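2 protein chains.
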Amino acid sequence: MNYPNGIKKRENKIIYETNYSNRGMVLENELNISNEYYKAIDKAYIFKKPTPIKITKVNYPSRNKAVITEGYFTTPSTTDYNGLYKGKYIDFEAKETKSKTSFALSNIHEHQIEHLKNIDKHKGIAFIIVRFSYHNKTFLLMAKDLIKYIITEERKSIPLSYFEKNAYEIKENYTPRLDYLKIIDQIIGGTEYEWKKRHKKEK
Amino acid sequence: MNYPNGIKKRENKIIYETNYSNRGMVLENELNISNEYYKAIDKAYIFKKPTPIKITKVNYPSRNKAVITEGYFTTPSTTDYNGLYKGKYIDFEAKETKSKTSFALSNIHEHQIEHLKNIDKHKGIAFIIVRFSYHNKTFLLMAKDLIKYIITEERKSIPLSYFEKNAYEIKENYTPRLDYLKIIDQIIGGTEYEWKKRHKKEK
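Taken in order, these protein sequences are the chains called S and L.
So the first sequence is residues 1 to 203, counted in my numbering.
So the second sequence is residues 204 to 406, counted in my numbering.
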């Protein structure tokens with residue numbers, strides 16, 4: 001059973017957290033702070049999309065307030081983050097896992113994988129950021145490599161070793177906390193020309 | 204008083220529409236259909252962001268359902284649409300007005316203007332699409348020209364004549380209904396090189 005972000009079940013009671021996120025809380029905060037930093041120094045403009053919600057009832061109690069009185073968390077059809085870096089489209093999903101050995105693919109919805117595929121197809125930079133909180137290791141895995149894994153492997157989880165071999169580790173930093181654009185720089189080779197060449201070759 | 208999308212006040216009762224949007228309903232539908240078409244023919248990948256909502260109460264009535272029992276529509280900090288076209292970042296807001304003569308700037312929130320500025324600064328393609336439903340005319344106004352207007356003019360609305368002079372009219376079509384990428388092609392000059400040259404010159 002999947003709980004939407006921010007929902008923790010404790011003895012049949014829901015505790016709702018304002019900055020809603022469950023296991024992704026710490027990673028999400030670090031990414032938000034890093035993105036604010038990137039924005040402040042004009043390096044990149046990357047932002048978080050709103051959580052998709054299906055509204056079923058709305059009430060109108062006072063003159064200028066509409067209150068949603070019934071709504072549901074829906075399966076996200078896109079990813080959490082997107083934005084611009086060096087004129088390029090950046091798009092990613094961030095997830096944290098408590099597992100010591102693997103990252104369950106059920107963490108990423110089919111629609112999100114489809115979304116990352118589309119971003120990649122249209123020459124955006126698509127990836128996932130996965131943190132193994134037990135090991136305190138954070139990886140950036142390109143969507144191409146995620147999709148390759150899904151196609152070729154039958155397992156419903158990606159072992160840590162796959163990340164160690166195929167993903168880029170994001171080392172923790174002071175400012176910004178998670179300098180993941182440093183890795184994007186490596187990937188795009190620093191220049192647009194090389195990125196294009198690489199992209200062309202891979203296609 | 205502004206009502207959030209999808210909320211129509213009728214004698215103090217709220218009628219909620221599933222595909223929620225108020226005056227933007229028709230335009231929004233046409234854009235969604237056009238975007239689906241672009242996606243289907245692999246021309247572009249442009250999608251709608253979820254409506255931002257602040258959730259204040261969540262209930263947990265059954266084993267696998269979390270129900271939002273209180274939430275509010277919040278001021279959008281970004282635009283409704285973004286995506287990728289020819290490897291470029293596309294970002295826009297779409298609005299419909301019933302006015303015969305002008306488009307009230309109150310339709311676009313300050314945060315959204317800030318957002319469009321940021322997209323433009325980081326070399327994305329930022330614009331608004333405005334429909335004057337009375338005249339059945341739809342315009343694409345580049346964020347640069349929107350911002351220039353806001354800075355130089357004291358009026359709190361943009362007259363139709365400004366659109367006629369400074370925006371591009373999107374003529375209605377059969378497939379797709381609103382071929383706004385045709386205009387983007389004109390703007391970027393069809394080739395990345397020319398777009399870059401233009402962007403550099405303008406900076």
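Don't be surprised by glycine CBs; every beta carbon is placed ideally from N, CA and C.
This structure is a prediction, so every number in the text was calculated from the model and none was measured.
To which residues does DSSP link asparagine 285(L) through a beta bridge?
Phe250(L), Asp294(L)
Nearest-angstrom Cα distance between proline 76(S) and lysine 246(L)?
23 Å
Please check the pair isoleucine 350(L) and isoleucine 316(L), which I expect to be a contact at CB under 8 Å, by giving their CB distance rounded to whole angstroms.
7 Å
Would a C-beta distance cut-off of 7 Å place isoleucine 53(S) and glutamate 93(S) closer than the cut-off?
no
Neighbourhood of asparagine 68(S) by C-beta distance below 6 Å, restricted to the same chain and skipping five residues each side
Looking at the sequence shown, residue 68(S) is not asparagine but isoleucine. Ile55, Val58, listed in sequence order.
Compare the C-beta of alanine 126(S) with all C-beta atoms of chain L and state if any pair is closer than 7 Å.
no
State yes or no: is the beta carbon of isoleucine 68(S) nearer than 7 Å to at least one beta carbon in chain L?
yes
Tell me the DSSP secondary structure of asparagine 262(L) in three-state form.
strand
Just to check my reading of the structure: lysine 49(S) and lysine 252(L) have Cβ atoms closer than 8 Å, yes? What is that Cβ distance to the nearest angstrom?
5 Å
Which residues in the same chain have their Cβ closer than 6 Å to the Cβ of arginine 177(S), if we skip the five residues on either side of it in sequence?
Glu30, Ile33, Ser34
Please classify threonine 281(L): is it buried, with 16 or more other beta-carbons within 10 angstroms of its beta-carbon, or exposed?
buried
Going straight from the alpha carbon of phenylalanine 306(L) to that of aspartate 348(L), what length do you get?
14 Å
What first and last residue would you give for the alpha helix (DSSP H) that runs through lysine 182(S)?
180-187
If you draw a straight line from the C-alpha of threonine 138(S) to the C-alpha of lysine 291(L), how long is it?
28 Å
Would you say histidine 312(L) lies against chain S (beta-carbon separation less than 7 Å)?
no
What residue range does the alpha helix (DSSP H) around serine 302(L) cover?
Careful: serine 302(L) lies outside any alpha helix (DSSP H) and carries neither H nor E.
Beta strand (DSSP E) segment containing isoleucine 150(S), residue limits
Element bounds for isoleucine 150(S): not the beta strand (DSSP E) but the alpha helix (DSSP H), 143-152.
Residues within the stretch 230-252 of chain L neighbouring chain B, beta-carbon criterion of under 8 Å
Reference to chain B is not applicable here, since the protein chains of this structure are S and L.
Could you give the DSSP three-state label for tyrosine 37(S): helix, strand or coil?
helix
Ordered along the chain, which non-local residues of its own chain (more than five positions away) have a Cβ less than 6 Å from that of glutamate 273(L)?
Thr259, Lys260
Flag phenylalanine 73(S) as yes if its beta-carbon sits less than 7 Å from any beta-carbon of chain L, otherwise no.
yes
When DSSP labels each residue in this structure, what does isoleucine 322(L) get in the three-state scheme?
helix
Could you check whether the Cβ of lysine 257(L) sits closer than 7 Å to any Cβ belonging to chain S?
no
Consult DSSP for lysine 137(S) and reduce its assignment to one of helix, strand or coil.
strand
Run through DSSP, which three-state label would lysine 165(S) get?
helix
Would you call tyrosine 174(S) buried or exposed, if buried means 16 or more other Cβ atoms sit within 10 Å of its Cβ?
exposed
May I ask which residues mark the beginning and end of the beta strand (DSSP E) holding tyrosine 275(L)?
268-276
Please list, in chain order, the chain S residues whose beta carbon lies closer than 8 Å to that of leucine 384(L).
Chain S residues near leucine 384(L): none, gap ~12 Å exceeds 8 Å.
Selected residue, minimal CA-CA separation from threonine 74(S), among Tyr275(L), Asn267(L), Asn285(L):
Asn267(L)
First and last residue of the uninterrupted beta strand (DSSP E) at arginine 131(S)
125-132
Which partner residues does isoleucine 256(L) have in the DSSP bridge list?
Phe276(L)
Hey, would you say alanine 269(L) sits closer than 7 Å to tyrosine 263(L), going by beta carbons?
yes
Can you give me the start and stop residues for the beta strand (DSSP E) that proline 379(L) sits inside?
Taken as a continuous stretch (DSSP letters only), proline 379(L) belongs to no beta strand (DSSP E), as it is neither H nor E.
Can you pull the DSSP bridge partners for isoleucine 360(L)?
According to the sequence shown, residue 360(L) is serine rather than isoleucine. According to DSSP, serine 360(L) bridges with Ala307(L).
Please tell me whether tyrosine 134(S) has its Cβ less than 7 Å away from any Cβ of chain L.
no
Reference glutamate 375(L), options Tyr284(L), Asn339(L), Leu319(L), closest by Cα:
Asn339(L)
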